[in-house]
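Structure first, then comments.
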Amino acid sequence: MIFDLNYLSFYRRELFKFSLILFFISLFSLSAFSVEKHFDRNQLPQLNEEILDKSEFSYKKELVKTGSIIPVQTQRVRAFQLTAKYKMILLNNEYDPLIIDNNNYLIDGHHRLDGIKELDLKEVRVLRVTASIEEVIEAFNNYRDFTPTYEPDNK
Numbered sequence: 008m009i010f011d012l013n014y015l016s017f018y019r020r021e022l023f024k025f026s027l028i029l030f031f032i033s034l035f036s037l038s039a040f041s042v043e044k045h046f047d048r049n050q051l052p053q054l055n056e057e058i059l060d061k062s063e064f065s066y067k068k069e070l071v072k073t074g075s076i077i078p079v080q081t082q083r084v085r086a087f088q089l090t091a092k093y094k095m096i097l098l099n100n101e102y103d104p105l106i107i108d109n110n111n112y113l114i115d116g117h118h119r120l121d122g123i124k125e126l127d128l129k130e131v132r133v134l135r136v137t138a139s140i141e142e143v144i145e146a147f148n149n150y151r152d153f154t155p156t157y158e159p160d161n162k
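Here it is, written out as structure tokens:
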């Protein structure tokens, strides 16, 4: 069998280029390319599964890595503190699922996510809406909440 060295050299270069591309794709996750988004709490709808069921949006129930969820609000409601009772609800997996968009932006559940992170839970139950956060905000404008908020100190 006689091999053409130019032919092999060409394919070796192409294989190297392809390997390089795969390396860079694996090096940078999709979240590294995500755009930082921020909304005031009163801009975000307060949703649950029942509300989503009555809407035009579909969603999937999923279990996702806690670190993959992208919070979009910093404001908090003082009444929502991580009490011993609420810790048990989180630890026993009895909480309402968080609501995320199709790009892992957190729509509803920032206080729950705070508690989940504080308890170092690695995975979280979510309802992934098959829409962008902006589409959900626009569609559920009448589900906004105007409870007074504060900006927590960043520790």
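For the numbering used here, count along the sequence shown from 1 and bump the result up by 7. The beta carbon of each residue, even a glycine, is placed where N, CA and C say it ideally should be.
For this session: Taking Ile144 and Leu54 to be in contact with their CB atoms under 8 Å, please state how far apart those CB atoms are, rounded to whole angstroms.
Result: Distance from Ile144 to Leu54 at the Cβ level is roughly 10 Å; contact not present, criterion being Cβ atoms closer than 8 Å.
Problem set entry | Close beta carbons around Ser38, own chain, < 6 Å, minus the five adjacent residues each side | With a pLDDT of 47 at Ser38, under the threshold of 50, the modelled position of that residue is not reliable, and no figure is offered here.
Exercise. Hey, how far is the Cα of Leu105 from the Cα of Ser16?
Worked result: Computed Cα separation, rounded: 52 Å.
Exercise. Tell me which same chain residues have a C-beta within less than 7 Å of the C-beta of Glu158, skipping the five on either side of it?
Worked result: Around Glu158: Thr81 and Gln82.
Exercise. What number of angstroms, rounded off, separates the C-alpha of Ser36 from the C-alpha of Gln88?
Worked result: For Ser36, the predicted structure reports a pLDDT of 49, less than 50, and the residue's modelled location is therefore unreliable. A value from the coordinates is still provided. Approximately 33 Å, taken between the alpha carbons.
For this session: Quick one: using the 10 Å Cβ neighbour count with 16 as the cut-off for buried, is Arg196 buried or exposed?
Result: Residue 196 is absent from the model: the chain starts at 8 and stops at 162.
For this session: Whole angstroms is fine: what's the gap from Glu142's alpha carbon to Asn110's?
Result: Each residue's Cα considered, the two are about 12 Å apart.
Problem set entry | Cβ pair Leu113, Val79 closer than 8 Å | Yes, these two residues count as a Cβ contact at 8 Å.
Exercise. When DSSP labels each residue in this structure, what does Lys67 get in the three-state scheme?
Worked result: In this structure, Lys67 counts as strand in the three-state DSSP scheme.
For this session: Can you tell me which of Val131, Met95, Glu21 and Tyr102 puts its alpha carbon nearest to the alpha carbon of Glu69?
Result: Ranking Val131, Met95, Glu21 and Tyr102 by Cα distance to Glu69 puts Val131 first.
Problem set entry | Rounded separation between Ile140 and Asn148 - CA only | Between Ile140 and Asn148, the C-alpha separation is close to 12 Å.
For this session: Output the boundary residues of the beta strand (DSSP E) element that contains Glu130.
Result: It spans Glu130 to Val136 - the beta strand (DSSP E) in which Glu130 sits, taken as one unbroken run.
For this session: Over the uninterrupted beta strand (DSSP E) stretch that includes Asp115, give me the two end residues.
Result: If you look at Asp115, you'll find it in the beta strand (DSSP E) that goes Leu113 to Asp115.
For this session: Would you mind reading off the limits of the alpha helix (DSSP H) that contains Leu51?
Result: According to the DSSP assignment, Leu51 belongs to no alpha helix (DSSP H), since it is labelled neither H nor E.
For this session: Report the option in Thr154, Ala146, Asp160 and Ile77 whose CA atom is closest to the CA atom of Ser62.
Result: Of the candidates Thr154, Ala146, Asp160 and Ile77, the one whose C-alpha sits nearest the C-alpha of Ser62 is Ala146.
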